[in-house]
């Protein structure tokens, strides 16, 4: 079997409500759908995320495509090494992993289809038949946070989460409202997205200590590992690393100095399904949980992550997705969250098919609207209206 073509198709899909976080607001997502065709008639699909923009990601994929034409996609490890070595992406892993992961996922999809097996069966098989998902409550007013949290618990979510790092007073009010709406028995988390200094992070951890947080995600800047380790030692609240654990060798550095209680990464940070599974293996060796971080991907990327989430013993906590926030998708049967869980699928490969009408529609939306960036957009929560960009 030989690869005959590699396509990168950018799409825009809006959110049902804006995402509010420390570095701006996001109205929807831009994602890059990958299609690989072969001379055997078997095709595979994957998904890459803009890093830092769709133009850069697409250019990276197009530059790598000649290394793939005429090669066997079922040799997933070999194709990945080609991209890293001949393609030179080993020296630029932050951009390279996010772009090349979509290609790697599509190769796994082809391998699974050729063997008539789900991808998780090829990496050891599922040890859980459904994967827990955390409910994402937007940091709006305390009253709305409490109502939304209460509603999500009623919908079956067993873990809730909100963004902080906006301002200290509001962060505390939001976290208290989240706890009140969740009730005393539901784990809650907050994510500061690097917004705090080490001193502020320690002070906020003490201020939130009586709210029984499962963890604070990435409270300080990503590269300050020694500060993160010191914060973890002093904090009354567990600390999770996400941006700090972007690459697998970052995870190793974190483990060496005991800088986190929970590790968070994904196939786009760690480098495909294989890289994500290796990240889980590092966590297993250290007896630390691994939580899936989401860039707000479509069902393709969510299903790819599910292959590891269902097969690793360290992925037992609730994970992040934006499935409930996305207005639509580009596959015929999107992933569904039911009672706070996503069921494990056992179809060959990823078990997904592209809806051609929708991918054309949302590719046009990208061409009309441009990149739906997560950074420096209007603060829609300050009384401004929210309009779906591509509906």
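In our numbering, the protein residues as written are 1 to 391.
Here a beta-carbon is modelled for each residue, glycine too, at the ideal position from N, C-alpha and C.
Alpha-carbon to alpha-carbon, residue j and residue i
| i | j | result |
| --- | --- | --- |
| residue 79 | residue 63 | 14 Å |
| residue 169 | residue 24 | 18 Å |
| residue 105 | residue 65 | 15 Å |
| residue 46 | residue 76 | 13 Å |
| residue 16 | residue 30 | 15 Å |
| residue 155 | residue 190 | 20 Å |
| residue 284 | residue 274 | 15 Å |
| residue 67 | residue 320 | 33 Å |
| residue 140 | residue 293 | 22 Å |
| residue 262 | residue 245 | 10 Å |
| residue 316 | residue 334 | 23 Å |
| residue 232 | residue 27 | 33 Å |
Residue i in three-state terms, based on DSSP
| i | result |
| --- | --- |
| residue 323 | coil |
| residue 197 | coil |
| residue 28 | strand |
| residue 351 | coil |
| residue 187 | coil |
| residue 302 | helix |
| residue 1 | coil |
Close Cβ partners of residue i (< 8 Å) along its chain, the five nearest in sequence each way excluded
| i | result |
| --- | --- |
| residue 114 | 1, 40, 42 and 74 |
| residue 22 | 163, 164, 165, 166, 192, 193, 194 and 195 |
Sequence-distant residues of the same chain with beta carbon closer than 6 Å to residue i, five excluded per side
| i | result |
| --- | --- |
| residue 329 | 298 and 299 |
| residue 145 | 137, 174, 177 and 178 |
The ligand COA heavy atom lying under 7 Å from the CB of residue i
| i | result |
| --- | --- |
| residue 79 | Ligands in the displayed structure: none, and consequently the ligand COA is not present. |
Cβ neighbour criterion (16 or more within 10 Å) applied to residue i
| i | result |
| --- | --- |
| residue 125 | exposed |
| residue 157 | buried |
| residue 90 | exposed |
| residue 206 | exposed |
| residue 313 | exposed |
| residue 163 | buried |
| residue 353 | exposed |
| residue 143 | exposed |
Neighbourhood of residue i by C-beta, 7 Å cutoff - its chain only, sequence neighbours within 5 removed
| i | result |
| --- | --- |
| residue 10 | 30, 32, 54, 58, 363 and 366 |
| residue 38 | 1, 2, 3, 4, 73 and 110 |
| residue 242 | 217, 218, 264 and 293 |
Residues that DSSP places opposite residue i in a beta bridge
| i | result |
| --- | --- |
| residue 130 | 343 |
| residue 217 | 191 and 240 |
| residue 8 | 34 |
| residue 14 | 28 |
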